[in-house]
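Enquirer: Input: one structure, supplied below.
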Amino acid sequence: MNIPAILHQTWKTADIPRGFEKYAASWRRLNPGWRYHLWTDQDCRSFVRERYPAFLALYDSYTSSISRADAARYLLLHHYGGLYADLDSECLRPFDSLLRGSPGCIIGCEPRLHAERLYGRSRLVCNAVLLSAPGHPFWEHVLSVLVSSAQEKSVIETTGPVMLDRALGSYPGHDVSIVADSVFCPLVDLKNSRLRLTPTEKRCHKEMLRLHRFPDASYAVHYWAGTWYRRGIAGKLVRLATRLRAALRLHSNGA
């Protein structure tokens with residue numbers, strides 16, 4: 001299955017925030033032969049209504065705009081294929097070489113430190129940069145997992161990385177490539193105090209950011225702007241509940 005040269009990004013409106021304009025431009029500049037499409041919230045809902053009407057009720061039921069954005073990216077990739085990139089991610093080099101020999105679907109990972117220290121996992125996939133051929137069966141499986149995850153309490157479990165990781169774990173196919181964190185997410189979220197970075201880790205990532213010097217394997221970098229993220233005490237409680245539920249699942253699966 002071939003991944004088409006289409007770039008998808010989403011935002012609330014057609015006006016990209018000033019701080020993200022240069023990142024959006026990097027995808028177009030380094031992939032000049034690719035067709036670019038910025039989908040607004042209204043565009044996304046119209047697309048779901050027209051192409052996935054059976055999913056529209058669940059889509060509309062999401063109380064968080066990021067849940068709708070998550071679901072929309074999966075559906076866009078299933079229908080059109082191509083590359084999806086968050087607005088707070090920057091392209092570092094052309095993606096054409098990454099597509100050669102791919103199984104038709106490519107998903108990256110969050111930094112290892114995120115998986116281990118924030119979620120108590122050895123790995124957590126990231127949905128900030130995704131590539132797929134149109135009609136790839138993995139996204140049909142994701143749709144079923146979205147339905148079964150609708151009652152979860154946090155965004156990352158209903159539509160985000162934890163849901164996507166769950167979908168990968170139950171997907172019977174072998175046609176999805178999971179690439180290392182260095183490929184799309186070489187940089188940790190330096191603003192997240194819960195990471196408890198050592199002085200060496202913090203210095204290393206700050207230098208990487210300051211010098212704009214990333215690993216040779218990197219095709220993109222995600223800057224963790226977190227425009228959607230729930231902050232303060234409420235956000236901390238949601239994240240704690242997410243970790244506790246994940247730990248309980250691991251315990252019950254191992255029992």
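Numbered per the working numbering, the sequence shown spans residues 1 to 255. Glycine residues also receive a C-beta, built at the ideal position from the N, C-alpha and C atoms.
Distance, Cα to Cα, A14 vs T159?
Expert: Here the alpha carbons of T159 and A14 stand approximately 23 Å from one another.
Enquirer: Touching or not, the region 166 to 175 and the region 203 to 210, by the rule of three or more beta carbon pairs under 8 Å?
Expert: No: the two stretches stay apart, fewer than three of their Cβ pairs being nearer than 8 Å.
Enquirer: Using a Cβ distance threshold of 8 Å, determine whether the region 112 to 127 contacts the region 34 to 48, with at least three qualifying pairs required.
Expert: no
Enquirer: Mapping DSSP to helix, strand and coil, what is T227?
Expert: Only weak support is given to the placement of T227: the predicted model assigns it a pLDDT of 48, under 50, and the value that follows is read from those uncertain coordinates. In this structure, T227 counts as coil in the three-state DSSP scheme.
Enquirer: As a quick exercise: from S193, L197, I107, S148, pick the residue whose alpha carbon is nearest that of R123.
Expert: I107
Enquirer: Hey, Y23 and S65 are a contact pair by Cβ (cut 8 Å); roughly how many whole angstroms apart?
Expert: At roughly 19 Å, the Cβ-Cβ gap does not stay under 8 Å, so Y23 and S65 are not in contact.
Enquirer: Assuming L87 and W34 are in contact, meaning their beta carbons sit under 8 Å apart, how far apart are those beta carbons, in whole angstroms?
Expert: That belief does not hold up - the Cβ atoms of L87 and W34 are roughly 16 Å apart, past 8 Å.
Enquirer: Closer than 8 Å by C-beta to D216: which residues in its own chain qualify, once you throw out the five before and the five after it? Chain order, please.
Expert: Cβ neighbours of D216 beyond the five flanking positions: none.
Enquirer: By Cβ distance below 7 Å, which residues in the same chain neighbour M1 in space, the five residues on each side in sequence not counted?
Expert: G104, A133, H136
Enquirer: Hey, could you find the ends of the alpha helix (DSSP H) L118 is sitting in?
Expert: 112 to 119
Enquirer: Tell me where the beta strand (DSSP E) around S89 begins and ends.
Expert: 89 to 91
Enquirer: At which residue ranges does the region 142 to 225 contain complete beta strand (DSSP E) runs of 3 or more residues, listed in the order of the chain?
Expert: 220 to 222
Enquirer: Please state whether DSSP places L77 in a helix, a strand or coil.
Expert: helix
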